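Counting along the sequence shown from 1, when you hit position 102 you're at 151 in my numbering, and nothing is skipped either side. The structure appears below as structure tokens.
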Amino acid sequence: MNDSDNINNWVLRAALFFLLFIFLLRFMGRLFPFLLGTMLVLAIGGGAFFLWSSLQKRRKAKVRRTTVEGMSEERIEYCQEQISKNQKEAGQIRESIKELKTQMASGEGLANKTREDAIRLIKEFESELKLRQSKISFFETALHKLQTLQYNRLLTQSINDKELELKRLKEGHYEDLASMEELRSDVEMETLYLDTINELSLKLNSSTSLENAESLRQELEEMTRDLGGRGEGTMGW
């Protein structure tokens with residue numbers, strides 16, 4: 050539907066609404082003044098909103114027609130309209146040719162001038178039919194190429210969008226790998242500390258020498274302090 054059709058529909062709706070409003074004003078104004086006032090406010094608001102919405106749609110449609118996608122859609126629509134128009138005209142021409150041939154075949158004693166005129170008309174109609182067929186072929190070819198270009202353009206845009214999405218996923222993947230590697234290193238170090246502390250604790254419990262026990266205790270305390278400092282660093286991470 051083109052802009053003129055939209056305008057005609059809008060005018061028709063506005064006229065019908067106006068007539069309905071006049072009817073309500075005439076027959077319901079005295080009986081329901083409050084209701085009429087409410088309907089008047091709603092009518093003005095609804096009309097303003099409808100007008101604003103129509104203007105917005107027309108503005109967006111006008112802007113879209115200046116884009117590559119909009120121009121492509123407009124040309125595709127034009128080709129489709131021309132194909133339909135020429136197919137309809139070709140059908141009418143075939144009917145005219147068929148009618149003339151039928152009349153010539155059923156007519157007896159036709160004057161030469163009449164027969165010649167009929168033959169001339171048939172030939173001219175056939176020429177017009179060939180022209181319509183040529184136009185249909187042209188617009189069908191153009192339509193196919195336009196649709197192919199549109200498909201390629203949409204596919205290219207989709208590929209670009211997916212490439213950006215894949216890039217974001219890869220960036221997140223690299224960050225996750227770095228975090229996982231750091232966590233693995235921390236876990237290995239923590240395990241090493243815990244194993245060493247456990248070993249020193251066992252040695253301390255089984256130690257019979259005061260010096261040896263004191264040495265193990267000091268080593269254990271030193272490693273515990275190191276572990277505590279590393280734990281704070283890990284919490285900061």
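Virtual Cβ for every residue (Gly too), placed ideally from N, Cα, C. Source: prediction; values computed, not measured.
*Quick one: what does DSSP say A160 is sitting in, helix, strand or coil?*
For this step, residue 160 is matched to residue 111 along the sequence shown. Coil at A160, not helix or strand.
Where does N161 land, buried or exposed, given buried means 16+ other C-beta within 10 angstroms? Position 112 of the sequence shown holds residue 161. Its Cβ having fewer than 16 others within 10 Å, N161 is exposed.
Is it the case that the Cβ atoms of I208 and I132 are separated by a distance below 8 Å? Numbered from its first residue, the sequence shown carries residue 208 at position 159. Numbered from its first residue, the sequence shown carries residue 132 at position 83. Contact: no.
Taking contact to mean at least 3 C-beta pairs separated by less than 8 Å, is the segment 174-184 in contact with the segment 134-146? yes
Between the segment 113-131 and the segment 197-212, do at least 3 Cβ pairs fall closer than 8 Å?
yes
**Prompt:** Below 8 Å, can you find three or more Cβ-Cβ pairs linking the segment 186-197 to the segment 122-132?
**Reply:** yes
Within this structure, are the beta carbons of R164 and M153 separated by less than 8 Å? For the purposes of this step, residue 164 is taken as residue 115 along the sequence shown, with counting starting at 1. For the purposes of this step, residue 153 is taken as residue 104 along the sequence shown, with counting starting at 1. Contact flag set, yes.
Secondary structure of T197, DSSP reduced to three states: Residue mapping note: residue 197 aligns to position 148 of the sequence shown, counting from 1. Of the three classes helix, strand and coil, the one that applies to T197 here is helix, per DSSP.
query: Any idea what DSSP makes of T151, helix, strand or coil?
result: For the purposes of this step, residue 151 is identified with residue 102 of the sequence shown, where counting begins at 1. If DSSP states are grouped into helix, strand and coil, T151 belongs with the helices.
*So what does DSSP say about T115, is it helix, strand or coil?*
As a first step, residue 115 must be located in the sequence shown, where it is residue number 66. Coil at T115, not helix or strand.
Item to complete: Can you grab the Cα-Cα spacing for the pair I125 / L195, in whole Å?
Response: On the sequence shown, residue 125 is found 76 positions in, with the first residue counted as 1. On the sequence shown, residue 195 is found 146 positions in, with the first residue counted as 1. Those two C-alpha atoms are separated by around 6 Å.
### Message
Using only the alpha-carbon positions, how far apart do S145 and R169 sit?
### Response
Residue numbering aside, residue 145 sits at position 96 when the sequence shown is read from its first letter. Residue numbering aside, residue 169 sits at position 120 when the sequence shown is read from its first letter. Near 13 Å, if we compare the C-alpha coordinates of R169 and S145.
Around the Cβ of R62, are there at least 16 other Cβ atoms within 10 angstroms (buried) or fewer (exposed)? To locate residue 62, count along the sequence shown from 1; it is residue 13. By the neighbour-count rule (16 or more Cβ atoms within 10 Å), R62 is not buried but exposed.
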